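Trainee: Dumping the structure here so I can ask a few things about it.
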Amino acid sequence: MKTLLTIATRIDQINDLLGRWISSLTLLMVLVTVVIVVLRYGFSIGFIWMQESVRFMHGFVFLLCAAYTLLHNGHVRVDIFYAKMSERG
Numbered sequence: 008m009k010t011l012l013t014i015a016t017r018i019d020q021i022n023d024l025l026g027r028w029i030s031s032l033t034l035l036m037v038l039v040t041v042v043i044v045v046l047r048y049g050f051s052i053g054f055i056w057m058q059e060s061v062r063f064m065h066g067f068v069f070l071l072c073a074a075y076t077l078l079h080n081g082h083v084r085v086d087i088f089y090a091k092m093s094e095r096g
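What follows is the structure, encoded as structure tokens:
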């Protein structure tokens with residue numbers, strides 16, 4: 008049992024580290040989006056690979072930060088259903 012608790016603690020530490028690291032990817036995603044908009048509307052230049060990179064970053068943020076959000080109990084709950092449930096759910 009102690010081994011499983013140690014493994015779970017290590018996984019939580021990895022999730023916390025990944026969540027903090029990947030959250031900085033959100034800022035990069037915003038900056039790349041701004042560059043795309045400026046290039047497209049300011050200079051009439053468009054790059055498909057830049058738009059695709061934003062899509063991939065968006066996917067990484069949602070997939071990898073979901074575990075971080077779950078770890079820190081940050082998911083939004085619908086109170087209509089959640090209030091009627093017992094502790095065990």
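Heads up: the sequence shown begins at 8 in my numbering, then just goes up one per residue.
All C-beta atoms, glycine included, are put in the ideal place defined by N, C-alpha and C.
Quick caveat: nothing in here was measured; it's all calculated off a predicted structure.
For G26, which of helix, strand or coil comes out of DSSP?
Mentor: helix
Trainee: Would you check if the distance between the CB atom of I18 and the CB atom of C72 is smaller than 8 angstroms?
Mentor: Not closer than 8 angstroms, so no.
Trainee: Taking the straight line between their C-alpha atoms, what separation do you get for V39 and I55?
Mentor: 12 angstroms
Trainee: Along the alpha helix (DSSP H) that carries S60, what are the first and last residues, could you check?
Mentor: Per DSSP, the continuous alpha helix (DSSP H) segment holding S60 begins and ends at 55-78.
Trainee: Cα-Cα, which of G53, M92, H65, A74 is closest to L32?
Mentor: H65
Trainee: Please report the straight-line C-alpha distance between M8 and L34, rounded to a whole angstrom.
Mentor: 40 angstroms
Trainee: From G53 to S60, what distance separates their C-alpha atoms?
Mentor: 13 angstroms
Trainee: Does S93 come out as helix, strand or coil in the three-state DSSP assignment?
Mentor: DSSP, reduced to helix, strand and coil, places S93 outside both helices and strands of the structure shown, so it counts as coil.
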